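Report on the structure given below.
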Amino acid sequence: MREPLPATEPTVFLVDDDDAVRDALATLLGTVGLKVRDFPDARAFLAALDREALGCLILDVRMPQVSGLQLQEQLTREGVDLPVIVITGHGDIDVCRRAFKGGATEFLTKPVDELALLEGVALGIRTHLARRSRLAVTQEARGAVAGLTAREQEVLRLIVDGASNKQAARALGISVRTVETHRASLFEKLGAASLAQLVRVYLASLDEGP
Numbered sequence: 001m002r003e004p005l006p007a008t009e010p011t012v013f014l015v016d017d018d019d020a021v022r023d024a025l026a027t028l029l030g031t032v033g034l035k036v037r038d039f040p041d042a043r044a045f046l047a048a049l050d051r052e053a054l055g056c057l058i059l060d061v062r063m064p065q066v067s068g069l070q071l072q073e074q075l076t077r078e079g080v081d082l083p084v085i086v087i088t089g090h091g092d093i094d095v096c097r098r099a100f101k102g103g104a105t106e107f108l109t110k111p112v113d114e115l116a117l118l119e120g121v122a123l124g125i126r127t128h129l130a131r132r133s134r135l136a137v138t139q140e141a142r143g144a145v146a147g148l149t150a151r152e153q154e155v156l157r158l159i160v161d162g163a164s165n166k167q168a169a170r171a172l173g174i175s176v177r178t179v180e181t182h183r184a185s186l187f188e189k190l191g192a193a194s195l196a197q198l199v200r201v202y203l204a205s206l207d208e209g210p
């Protein structure tokens with residue numbers, strides 16, 4: 001059994017049933033310092049994939065048993081967020097439309113333009129790293145906001161909406177001093193040094209992602 005792919009290092013995953021194409025593309029990607037893992041079919045890839053892996057996926061459209069587009073659709077259903085570059089020797093408008101509708105970042109025909117592929121892979125990896133970084137910030141913010149008391153969350157929402165301490169106190173039926181106490185607690189618990197930072201943490205906690 002193959003070991004799970006590591007999740008820490010950005011990797012280009014290459015799935016194509018043509019040995020010669022896999023070897024050529026793996027060599028090309030390796031020359032620019034990219035780590036490459038290649039697979040002859042979708043099943044081999046799925047058996048080894050770590051769902052938290054970072055990087056980019058290059059898929060051939062026409063493969064036996066499970067096509068590249070079918071694999072793309074399955075990964076989407078399972079919540080795997082690897083950016084996908086689709087390559088094919090039989091490209092047409094319908095296939096291209098389906099690939100992009102499924103979330104593909106690039107669609108290339110064989111023989112693959114080397115520069116276009118490298119640019120697509122670089123963009124895919126940058127996009128994935130940014131997406132994961134954004135997700136980490138969102139999860140941290142949600143955890144921090146969830147750790148607030150119900151009253152603190154009420155005060156936070158009013159502050160973000162631009163309410164002054166007096167307005168917040170009036171809206172909640174509490175004293176200004178109590179609002180000030182909650183406000184100080186919010187800054188401490190959310191690790192915010194300014195009102196702008198406090199607002200950013202709150203907005204991050206509401207982020208629904210791409």
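Numbering-wise (UniProt numbering), the sequence shown opens with residue 1 and increments by one.
Backbone N, C-alpha and C define an ideal beta-carbon position, used for all residues, glycine too.
None of these values were measured; they are calculated from a predicted model.
Through-space distance from residue j to residue i, alpha-carbon basis
i	j	result
I174	R97	57 Å
residue 219	E52	Here the chain has residues from 1 to 210 only, and residue 219 is not among them.
Q72	D207	25 Å
Q167	A122	50 Å
A130	A204	14 Å
M1	A42	Because the pLDDT of M1 is 32, which lies under 50, any placement of that residue in the model is unreliable, and the question is left without a value.
R200	L46	38 Å
L82	A193	35 Å
E114	H128	21 Å
G102	G89	19 Å
V155	G79	35 Å
Q74	L172	48 Å
E152	S133	27 Å
R77	R62	20 Å
F13	D94	25 Å
D17	A116	21 Å
F39	F187	50 Å
G68	V84	10 Å
R142	G191	13 Å
V36	V137	28 Å
L198	V160	8 Å
L108	E140	37 Å
L25	C56	14 Å
Coil, strand or helix - residue i by DSSP
i	result
V36	strand
L57	strand
G12	Checking the sequence shown, residue 12 turns out to be Val, not Gly. In the structure shown, V12 sits in a strand (DSSP, three-state: E or B).
V86	strand
D41	coil
H185	The amino acid occupying residue 185 in the given sequence is Ser; His does not appear at that position. S185: helix per DSSP, three-state reduction.
D19	helix
Q65	coil
G30	helix
D94	helix
L25	helix
L190	coil
L46	helix
Exposure of residue i, with buried meaning 16 or more beta-carbon neighbours within 10 Å
i	result
G147	exposed
V32	exposed
T27	exposed
L195	exposed
G120	buried
T149	exposed
D92	exposed
A184	exposed
A169	buried
Residue span of the alpha helix (DSSP H) that contains residue i, given as start and end
i	result
L69	68–77
L198	195–205
Review point. In chain order, which alpha helix (DSSP H) runs of at least 4 residues are fully inside the stretch 102–179?
Key: DSSP runs (the alpha helix (DSSP H)) wholly in the stretch 102–179: 114–146, 150–160, 165–172.
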